[in-house]
Structure formats: structure tokens, C-alpha cells
Amino acid sequence: MAERVRFTVDGRPAEAEAGVSLLAALWNDGVCAVRRSVSGEARGPLCGMGSCFECRVTLDGQPHVRSCLTPVRDGMSVMLRAASPPAPALADASVAPGTGEERLQAEVVVVGGGPAGLAGAVHAAEAGARTLLVDTHPRPGGQIWRHRKDPPAAASDWIARFARARVTPLVGTTVVDAADRQLLLDHEGRPRRVRFDRLVLATGARERFLPFPGWTLPGVVGVGGAQAMLKAGARFSGKRVVVAGSGPLLLAVAAALAKEGARIVGVAEQAPLGRLAAFGGGLWRSPRKIAEGLGYGARLVGVPYRAGAWVREVEEEAGVLRATLTDGRRSWSWDCDVLACGYGLVPNLELPRLLGCETAAERVVLGAAQQTSVPGIFAAGELGGVAGVDHALVPGAIAGLAAAGREVPAGLVRERDRELAFGARLSRAFELRDELRRLARPDTPVCRCEDVVHGHFQALSSSREAKLATRAGMGPCQGRVCGPALGFVHGWPEGTTRPPLAPTPLGVLVGGPGDARDPGGVSGEL
Amino acid sequence: MSSSPSVIVVGAGVVGSACAEALAEAGCRVSVLDAAFPGAGVTGAAMGHLVVMDDSDAQFALTSYSRHLWSERATTLPPELEDEACGTLWVAVDDEEMAHVHKKAAYYSERGEPVEVLDSHTLRQAEPQLRAGLVGALRVPDDRVVYPPAAARHFLERARARGAAVESGAHVEELAPGRVRCAGGWREADLVVNAAGPEAPRLTPGLPIVPRKGHLVITDRYPGFLHHQVVELGYLKSAHTLTRESVAMNVQPRKTGQLLVGSSRELVGWDASLNRALLSRMLRRAAEFIPGLPRLDALRTWTGFRPATPDKLPLVGMWEKGLWIAAGHEGLGVTTAPGTARLLADLVLGRAPAIDPTPFDPRRSLPAHG
Numbered sequence: 001m002a003e004r005v006r007f008t009v010d011g012r013p014a015e016a017e018a019g020v021s022l023l024a025a026l027w028n029d030g031v032c033a034v035r036r037s038v039s040g041e042a043r044g045p046l047c048g049m050g051s052c053f054e055c056r057v058t059l060d061g062q063p064h065v066r067s068c069l070t071p072v073r074d075g076m077s078v079m080l081r082a083a084s085p086p087a088p089a090l091a092d093a094s095v096a097p098g099t100g101e102e103r104l105q106a107e108v109v110v111v112g113g114g115p116a117g118l119a120g121a122v123h124a125a126e127a128g129a130r131t132l133l134v135d136t137h138p139r140p141g142g143q144i145w146r147h148r149k150d151p152p153a154a155a156s157d158w159i160a161r162f163a164r165a166r167v168t169p170l171v172g173t174t175v176v177d178a179a180d181r182q183l184l185l186d187h188e189g190r191p192r193r194v195r196f197d198r199l200v201l202a203t204g205a206r207e208r209f210l211p212f213p214g215w216t217l218p219g220v221v222g223v224g225g226a227q228a229m230l231k232a233g234a235r236f237s238g239k240r241v242v243v244a245g246s247g248p249l250l251l252a253v254a255a256a257l258a259k260e261g262a263r264i265v266g267v268a269e270q271a272p273l274g275r276l277a278a279f280g281g282g283l284w285r286s287p288r289k290i291a292e293g294l295g296y297g298a299r300l301v302g303v304p305y306r307a308g309a310w311v312r313e314v315e316e317e318a319g320v321l322r323a324t325l326t327d328g329r330r331s332w333s334w335d336c337d338v339l340a341c342g343y344g345l346v347p348n349l350e351l352p353r354l355l356g357c358e359t360a361a362e363r364v365v366l367g368a369a370q371q372t373s374v375p376g377i378f379a380a381g382e383l384g385g386v387a388g389v390d391h392a393l394v395p396g397a398i399a400g401l402a403a404a405g406r407e408v409p410a411g412l413v414r415e416r417d418r419e420l421a422f423g424a425r426l427s428r429a430f431e432l433r434d435e436l437r438r439l440a441r442p443d444t445p446v447c448r449c450e451d452v453v454h455g456h457f458q459a460l461s462s463s464r465e466a467k468l469a470t471r472a473g474m475g476p477c478q479g480r481v482c483g484p485a486l487g488f489v490h491g492w493p494e495g496t497t498r499p500p501l502a503p504t505p506l507g508v509l510v511g512g513p514g515d516a517r518d519p520g521g522v523s524g525e526l
Numbered sequence: 527m528s529s530s531p532s533v534i535v536v537g538a539g540v541v542g543s544a545c546a547e548a549l550a551e552a553g554c555r556v557s558v559l560d561a562a563f564p565g566a567g568v569t570g571a572a573m574g575h576l577v578v579m580d581d582s583d584a585q586f587a588l589t590s591y592s593r594h595l596w597s598e599r600a601t602t603l604p605p606e607l608e609d610e611a612c613g614t615l616w617v618a619v620d621d622e623e624m625a626h627v628h629k630k631a632a633y634y635s636e637r638g639e640p641v642e643v644l645d646s647h648t649l650r651q652a653e654p655q656l657r658a659g660l661v662g663a664l665r666v667p668d669d670r671v672v673y674p675p676a677a678a679r680h681f682l683e684r685a686r687a688r689g690a691a692v693e694s695g696a697h698v699e700e701l702a703p704g705r706v707r708c709a710g711g712w713r714e715a716d717l718v719v720n721a722a723g724p725e726a727p728r729l730t731p732g733l734p735i736v737p738r739k740g741h742l743v744i745t746d747r748y749p750g751f752l753h754h755q756v757v758e759l760g761y762l763k764s765a766h767t768l769t770r771e772s773v774a775m776n777v778q779p780r781k782t783g784q785l786l787v788g789s790s791r792e793l794v795g796w797d798a799s800l801n802r803a804l805l806s807r808m809l810r811r812a813a814e815f816i817p818g819l820p821r822l823d824a825l826r827t828w829t830g831f832r833p834a835t836p837d838k839l840p841l842v843g844m845w846e847k848g849l850w851i852a853a854g855h856e857g858l859g860v861t862t863a864p865g866t867a868r869l870l871a872d873l874v875l876g877r878a879p880a881i882d883p884t885p886f887d888p889r890r891s892l893p894a895h896g
């Protein structure tokens with residue numbers, strides 16, 4: 001039996017398997033509603049990967065800690081549902097003086113440790129460039145390769161190659177600001193500054209969520225969210241799960257959950273069967289064929305799969321979620337313990353935008369060698385258009401080689417262009433239907449951080465006006481959830497990006513805590 | 527001119543919106559034009575501190591008058607204004623500043639503004655997060671905080687209820703007595719009010735207003751961390767030097783539990799980019815007073831442009847027949863919006879204003895900027 005750790009939840013003792021995330025530990029302990037929203041609603045995890053901020057808890061007296069990003073440890077004291085978490089205790093409130101910032105320098109800095117970032121860093125380092133990789137998570141691999149156990153062979157191979165490639169890894173480190181060939185990093189509340197000659201952005205993507213009545217109920221999670229939680233050690237065995245939304249991830253996650261013992265009540269893909277069939281080269285004439293075509297047939301025998309169907313509403317009664325689905329003509333209900341619902345991916349464009357890289361249609365505008373509009377800055381993976389798991393490696397390799405000043409082999413470019421064409425076909429196949437813009441009711445929350453409901457957006461005309469008039473997007477997720485939703489529902493482009501890119505201790509923004517004799521000195525350049 | 531003229535207000539910031547409300551209440555036919563949307567400019571970037579200031583007798587008269595107008599309507603403000611009577615603490619770091627506290631206390635008291643002098647000990651009790659060793663503070667208990675863009679929207683809502691028309695996305699290209707050009711067409715009224723804040727001189731050349739940039743940072747929610755808006759007395763030095771780049775500790779607890787951390791001042795034209803060095807200095811300065819601050823999570827930083835005049839007083843009154851000004855409020859636009867609006871409406875309608883309007887006359891002789 002795996003090692004156990006002991007922690008407390010609101011003073012009550014609890015146990016967890018060592019190595020799982022705090023969120024998974026709480027989930028396995030039966031705690032789904034981990035916090036109260038600003039208007040007092042019970043909320044549970046949504047994205048599972050640090051974007052949505054719904055899994056915040058007060059940990060050892062520190063409020064606003066994302067439990068999904070925190071490994072559970074022996075002796076932790078977790079307080080839930082504090083609508084007004086206490087201020088940090090005065091005794092430990094100040095950062096210890098004399099702990100100045102750390103400064104680093106590299107020829108190539110790669111931001112993001114998923115497949116694109118790993119490939120970029122490995123190629124840059126193998127080409128001889130002094131290379132450094134920054135990733136928020138404690139281990140490289142990105143969302144897709146974040147396996148606690150049994151990682152796929154490709155993941156192990158790349159992580160091993162990465163380890164051999166003499167890349168300096170800066171893990172558990174978040175980029176919070178960038179300017180003038182420098183990144184300001186938050187490493188466990190301490191500032192680090194990295195100067196780069198060339199930069200490879202591989203910040204990946206997060207899940208797209210769309211508001212519908214009931215989507216803020218605990219137990220409603222993302223599809224990628226369920227997958228991330230599963231990888232972080234959350235158990236789904238015995239749970240009835242509905243998987244809905246859009247994209248190839250639906251079947252992958254349904255199969256993964258089924259493998260772990262979940263009972264998949266049904267899978268609902270909003271894209272119509274006709275478009276999926278066209279995507280499958282005409283071979284996907286039935287839902288069954290799609291599941292087989294994607295290799296999930298065996299795991300999903302007997303599971304209802306509805307194409308052209310979506311969740312209209314979810315309600316909770318006596319601890320059971322009742323999802324009402326529709327295909328536009330008829331409606332039906334599926335009862336479940338967990339509704340996993342997500343609408344594909346949104347690239348994390350915040351850092352490229354802050355650096356001034358041109359973006360268009362939810363992607364970074366890129367040249368043949370993955371270069372952005374800013375000289376010396378390259379981008380790869382989902383930033384260049386969402387294509388999927390294996391399609392990030394080639395652009396990552398190109399970006400890494402180009403950043404190291406190497407010629408990019410024509411073969412790689414051709415392969416990348418094929419991937420891009422595939423990505424474009426994928427986007428067309430899973431294009432979101434118009435009906436999804438009209439799911440929210442006037443009282444449906446849209447901004448989950450600030451509890452701003454759909455009705456408040458009427459008579460407004462831009463995301464900035466909405467922000468100032470309603471507080472939508474002003475919470476800790478800074479519009480990562482509601483921004484793309486408002487963009488889809490109202491057609492509003494997202495507003496400007498301002499530092500910090502994630503909630504960051506003020507001491508990190510100061511650039512080095514506690515030294516009042518040096519007013520501004522260290523931060524003259526950033 | 528009839529007793530209730532038609533008016534075009536240019537600019538739906540907090541000042542223009544308040545003017546629209548006051549003029550509509552007085553029976554004027556009001557239309558408000560804003561290039562973007564209500565509160566989109568300096569109002570949307572502002573702190574929303576409703577504070578009585580004593581840089582000059584005139585400044586005291588306007589801020590005191592106006593903050594009392596705010597207090598009178600406090601019970602009718604909708605919740606989105608996040609109104610809170612948190613008071614202000616003017617913090618003294620040394621005996622020289624403490625002497626200033628006593629002087630300030632006497633000045634405010636003589637004019638009927640309640641104040642309280644705190645010594646080192648009572649200051650610590652009032653704000654335990656302030657560092658030890660501060661000499662004392664002046665407490666102005668009736669000062670308040672509101673959320674500025676919501677204030678602008680609220681004033682406009684009330685103006686609308688009295689018949690005013692409000693147009694967003696209406697970019698005024700040219701402005702003249704009694705008319706404005708907007709989207710290529712001229713619109714006419716008995717008079718035009720230029721309330722375009724830092725943009726006012728673009729429409730009325732010759733107005734002595736320059737953009738004075740500031741930075742702000744907002745934190746996550748930490749209810750109870752601070753109880754007052756806390757400002758260092760050195761703020762006055764910072765606020766009063768018009769050319770130098772300066773920072774001062776000015777930290778505000780919001781009703782949400784968030785903290786708004788300022789302040790900086792610099793004259794760099796319309797460059798809205800973050801000045802990281804200045805931001806760092808500003809945060810460092812705040813942390814010198816509030817040692818626990820560096821541990822709190824910042825959510826967002828931004829910049830804004832205060833409409834600054836050479837004598838730190840706004841321009842409120844007639845510029846020429848048919849063209850009136852309500853602009854140039856620097857960092858006090860939210861505080862003085864209701865007072866400005868009442869003053870302007872009184873002058874427009876020929877009523878006797880509650881405070882002497884001459885220090886705010888836009889045609890007063892002023893020193894040059896800088």
C-alpha cells in the first residue's frame with residue numbers, strides 16, 4: 001500500500017495517498033465543494049490545472065491557495081469555504097529581509113514544459129545553446145504528460161532526453177511579468193529574474209468553458225479538468241460520470257475514466273455527426289465508428305454516445321446531478337455524480353500578448369520558423385493553433401532550432417504544415433454551434449470569481465466596459481474562464497493583458513523584498 | 527437663454543456624469559457624449575478615495591463641500607458603488623510630520639471637519655498592520671471610498687431618469703460654443719460642457735491641463751487587513767510637486783476586502799506603459815509602512831492619467847459664452863464630482879453657489895506647467 005499522509009480539513013483529521021495533489025486528496029476524502037464564492041455559493045474544482053481558481057483553500061493560514069497545484073503533505077491544515085479568509089498572520093507576515101532576488105541568464109529561455117516546450121528546449125540545448133526552461137508545475141511534462149504513474153512511452157522518452165540535454169530546469173516557477181528581454185518569475189513567493197537572448201513561448205492551452213444553468217455546481221468539472229484531476233490522483237471509481245462538450249478529448253477522457261472504474265453514463269458531443277464523419281475521412285459514419293476510429297471502442301462498449309447534443313442545464317437534488325441534454329429537437333436527462341463538460345481548448349495568450357506578439361483569432365501569428373512578430377521571440381504548441389497532443393512536438397523542435405540559430409530542416413517544416421492543416425480540419429469539425437451562445441439565463445453566473453451573472457452584460461458593448469461595469473474578469477483568474485466565454489457569447493475580443501500574469505506576492509513585484517536602501521535599483525530594467 | 531437651457535456634456539467620466547445629473551435635476555435638457563463608455567478614462571483607473579484636502583483654502587472648500595454631498599447621499603447609493611466610510615489616516619513618520627498633523631488637525635477643526643489625532647500607540651491599535659515606530663496620525667473619520675466607474679454609471683442613471691440622453695461610442699471631433707461635431711455632423715445646444723478630463727485641452731485648446739500618470743496595484747481579498755485608507759503625510763509633498771517623478775504610500779481597503787496600493791506621479795505625456803522601476807519604488811514605499819504587504823497577492827497593475835492643472839485646482843465655470851468647462855481635477859475628480867456638478871449647475875442657472883467659484887474660474891491667471 002502506498003505511503004499515507006495525514007492532514008486536517010476544518011480541524012477534522014483526514015488521510016491521503018502520498019504524492020497526490022491536495023485537490024485530489026480532498027476529492028478522495030469526499031470533499032467536492034472546497035470553497036464559497038463571493039456571494040456565498042458552494043464551489044468545487046473546474047479546470048484542475050491552475051487556471052480557474054475554483055479550488056482555492058486556506059492552507060496553513062494562507063488564503064487563496066490553489067489546491068490543484070499543491071501536493072498534499074503531512075500535517076497540512078486546510079480550511080474550506082471561508083468566504084472571507086483571514087489575512088495572513090502578522091507574525092509571519094513580512095518576507096524575511098536579505099532574501100534578495102535571484103538573477104539568471106540564458107541564450108534560449110523556454111516558457112512551458114509541455115511537449116512543445118520540452119522539444120524546443122531539447123533541440124535548442126542539443127544545438128549548443130545555453131538553455132533554460134521555466135514551468136509552473138513541479139515536474140516537466142505539461143498538462144498532457146502530467147502522469148503520476150504509467151506515463152506513455154513518448155512522455156518518458158522526451159523527459160529522459162530532456163534530462164540528458166543539459167537544460168537548466170526552473171520548475172515550480174511562474175512567469176509573472178516580462179519586458180526588455182527579461183522575465184520576472186515567482187518561485188514560491190521569491191522573485192527570480194531571467195535575461196534571455198531568444199525566447200520560446202510554449203505556454204500551452206487551457207480548457208474553454210461556456211456558461212449554462214447549473215455549471216457552477218460542485219461536481220461539474222471540465223473534461224480536461226477531470227483528466228487533470230485523474231492524473232493528480234483523484235479517484236473516480238464507482239462514480240457515475242457524464243462527459244459532454246466538444247472535441248476529441250471527450251472520448252479520451254471518457255475512456256480514461258472508465259479504465260479507472262467510473263461508470264460513464266453517456267458522452268455528448270455538440271458537433272453534428274455529419275461534420276465528424278467528414279473529419280474522419282468519411283469513415284466515421286456512426287458514433288461507434290468514431291470511438292473505434294479514435295481507439296477508445298473497447299473501453300466504451302455500451303456507453304451512449306450522442307453527436308450533435310449538448311448539456312442545456314444541470315440541477316442538483318439530494319446529492320445527485322441531473323444533466324438535461326438536448327439535440328435541438330428532443331431533450332433527455334442523465335443522472336450522474338460528476339458532469340465533465342468542456343468546449344475544447346483556448347491557448348494561453350497572456351504572456352505573448354504582454355510581450356507585444358501579434359495575435360489573431362486566438363493564436364499567435366507565426367512565421368515559417370515559428371517566429372512571432374517580435375524579433376527573437378518564438379512560439380510553439382497550442383499558441384500556434386490548437387491541434388492536439390502529438391502535434392506540438394514538431395513546431396516545438398522548429399522553434400528550439402530557430403532560437404538556437406540553426407537552420408530548420410525542410411522535412412520538419414513540411415511535417416509542421418501537415419500538422420497545421422490537421423489542426424485546421426479539427427477546428428472546423430468541432431466548431432461550436434450557435435445554440436451554445438444562448439444557454440445562460442439572466443441569473444446564470446458567467447464570471448465565477450466575482451459572481452457576475454449573464455443578465456448583467458446586457459446593454460454593454462465590450463469586455464473592458466463589462467469589466468468596469470460588472471467586475472467580470474477582475475478576480476484572481478483574471479478572465480481566464482469568463483474572457484473566452486464572453487468572447488464566444490457576445491463576440492467581444494479579450495481585453496489587454498497586464499502584469500502580474502498570475503496572482504503574485506507584492507514582494508515579487510517589488511523585485512526583491514525588504515531592502516529599502518535600494519529604491520528601485522534592481523528593477524530599473526524590467 | 528431660458529432658465530433651463532439645453533446642454534451637451536462631453537465626457538461621461540465621474541465629473542461629466544455628475545454634471546449631467548445636476549443639470550438634468552435642474553431641468554436642463556441634457557445629452558452626454560462619451561468617446562468610449564461611462565467611466566472608461568481616468569475614472570476607470572482611479573482609486574475612489576473621497577477625501578478632504580487642505581492644499582489651499584479653495585481646495586479645502588471644494589473637497590469638504592463635495593465629500594459632504596457624498597455623505598448625504600450615502601444611504602441611497604446602490605451596492606455596486608461599494609461605498610464605505612472607512613476614514614483616512616494621515617500617517618506621520620517623524621516629529622516634523624507630527625507637527626504637521628497638529629497643524630492639519632487645527633485647520634480641519636476650525637472649519638468644522640471632525641478629526642482625531644492619534645499617537646504612536648493609538649495608531650497601532652487602529653491599524654495593527656502598520657509598522658511599529660510611526661509617530662502618529664491624523665484620523666479623518668468621515669472620509670470615504672467608492673468604486674469610481676460605478677459612481678459614473680450611477681450619476682448617469684439618475685440623469686437618464688430625469689430625461690438625459692447618454693451616448694457611448696460618440697467621439698467628439700470638434701467642440702465650439704453651443705455645438706459639437708461628432709461622427710462628421712454638428713449637434714447643437716444652448717451650451718456645451720467640456721468634461722473630457724485629461725482630454726479636455728484637445729477639444730478646447732488653451733486649457734491648462736496636462737496628463738499626470740499614476741500606477742495602481744490591486745490585491746486579492748484580505749478582509750480586515752486594513753481598516754482605513756492609509757496615506758503618508760509625505761503624500762502631500764509627492765502630490766504637490768508637479769514636475770518630479772514621485773511615489774508615496776497610499777493604501778486603500780476596498781469593501782471587497784481587496785487592497786488598492788498606490789501611488790505614483792510622473793509627467794511623461796500619454797505613455798501608458800508600466801514604469802516597472804517606479805512601480806517597484808511605489809510598492810517598496812508602501813511595504814516600508816505596511817510590512818505584511820509583500821506577502822499579499824497582487825492581481826493586477828494599471829496606469830491612468832490624472833488631468834493636472836498648475837495650481838492643483840480644477841477648472842469649473844464658463845470659458846466663453848456657450849462653452850463651459852468642468853475638468854482638470856487631478857486626483858480629486860471622484861471626491862469633487864458632486865461639488866463640481868452643483869457648482870457648475872448653480873453658475874449655469876444663475877443661482878448662488880454654496881462655495882466661492884472664483885478660485886475655479888477656468889479663465890483665472892495660472893502659472894505655466896512645469
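Just so you know, the sequences run in chain order A and B. Take the first sequence: its position 54, counting from 1, is numbered 54 in the working numbering, and each next residue is one higher. If you count the second sequence from 1, you need to add 526 to reach the working numbering. Every residue gets a Cβ at the ideal spot worked out from N, C-alpha and C, and that includes glycine. Here the structure is a predicted model, which is why all the values come from computation and not from measurement.
How would you call R35/A, buried or exposed, if buried means at least 16 neighbouring beta carbons within 10 angstroms?
-> buried
Selection of the segment 660-680 of chain B by Cβ proximity to chain A, strictly under 8 Å = P675, A676 and R679
Return the first residue and the last residue of the alpha helix (DSSP H) that T866/B is part of.
-> G859 to L875
T496/A classed as buried or exposed, judged by whether at least 16 other C-beta atoms fall within 10 angstroms = exposed
Beta-carbon separation of R235/A and R263/A under 8 Å?
-> no
When L321/A, E102/A, A318/A and V311/A are compared against S331/A, the one with the closest alpha-carbon | V311/A
Sequence-distant residues of the same chain with beta carbon closer than 7 Å to P352/A, five excluded per side = L201, T359, V364, T372, A379 and L383
Residues that V446/A contacts on chain B, provided the C-beta gap is smaller than 7 Å | Per Cβ cutoff of 7 Å: no residues; V446/A is ~16 Å from chain B at best.
Simplified DSSP state of D583/B, which is helix, strand or coil | helix
Beta carbon of A153/A, beta carbon of A397/A: below 8 Å?
-> no
Inter-residue Cα distance where the pair is A813/B and H137/A | 29 Å
Listed by chain order, chain A residues near T745/B by CB distance under 8 Å = L506
Who are the neighbours of G511/A on chain B, taking C-beta pairs under 7 Å?
-> S806
Local Cβ density within 10 Å of T569/B, reported as buried at 16 or more and exposed below that | buried
Does R770/B get closer than 8 Å to chain A when you measure Cβ to Cβ?
-> no
Do G114/A and G356/A have their CB atoms nearer than 8 Å?
-> no
Could you please tell me which residues of the segment 470-487 of chain A, in chain order, have their CB closer than 9 Å to any CB of chain B?
-> T470, R471, M474, G475, P476 and Q478
Contact set for P85/A: own chain, Cβ-Cβ below 6 Å, skip 5 residues either direction | Annotation note: pLDDT 47 at P85/A (below 50); position unreliable, coordinate value reported separately. So the qualifying residues of the chain are T58 and P63.
DSSP three-state call for R35/A: helix, strand or coil?
-> strand
So which residues of chain A does A567/B contact, with C-beta pairs closer than 7 Å?
-> Contrary to the premise, residue 567/B reads as Gly rather than Ala in this sequence. Within 7 Å Cβ-Cβ: nothing; G567/B doesn't reach chain A, min ~10 Å.
Collapsed DSSP secondary structure at R728/B in the structure displayed = helix
Assign T70/A to buried or exposed, taking buried as 16 or more other Cβ atoms, counted over all protein chains shown, within 10 Å of its Cβ.
-> buried
What did DSSP end up calling N720/B once you bin it into helix, strand or coil?
-> strand
Leaving out five residues before and five after E551/B in sequence, what residues of the same chain have Cβ atoms less than 7 Å from its Cβ?
-> R688
What number of angstroms, rounded off, separates the C-alpha of L468/A from the C-alpha of P675/B?
-> 6 Å
Can you find a C-beta in chain B that's less than 8 Å from the C-beta of P395/A?
-> no
Would you identify the three-state DSSP class for P893/B, choosing helix, strand or coil?
-> coil
Quick one: does M527/B have its CB under 8 Å from some CB of chain A?
-> Summary for M527/B: the model assigns pLDDT 47, below 50, so the residue's position carries little reliability; its value from the coordinates is reported in the next sentence. No, its Cβ sits nowhere closer than 8 Å to a Cβ of chain A.
When Cβ atoms are compared, which residues of the segment 287-318 of chain A fall closer than 9 Å to chain B?
-> none
For V320/A, count neighbouring C-beta atoms within 10 Å of its own C-beta (all shown protein chains included) and say buried if the count is 16 or more, exposed if not.
-> exposed
Can you find a C-beta in chain B that's less than 8 Å from the C-beta of H137/A?
-> no
Less than 8 Å separating the beta-carbons of A255/A and M49/A?
-> no
Could you round the C-beta distance between G280/A and G293/A to whole angstroms and report it? I think they count as a contact, below 8 Å.
-> 5 Å
Close beta carbons around A532/A, own chain, < 6 Å, minus the five adjacent residues each side | Past the edges of chain A, shown from 1 to 526, lies residue 532/A, and the structure says nothing about it.
Quick one: any contact between the segment 542-560 of chain B and the segment 681-698 of chain B, if contact means 3 or more CB pairs under 8 Å?
-> yes
Would L809/B pass as a contact of V787/B if the rule is Cβ separation under 8 Å?
-> yes
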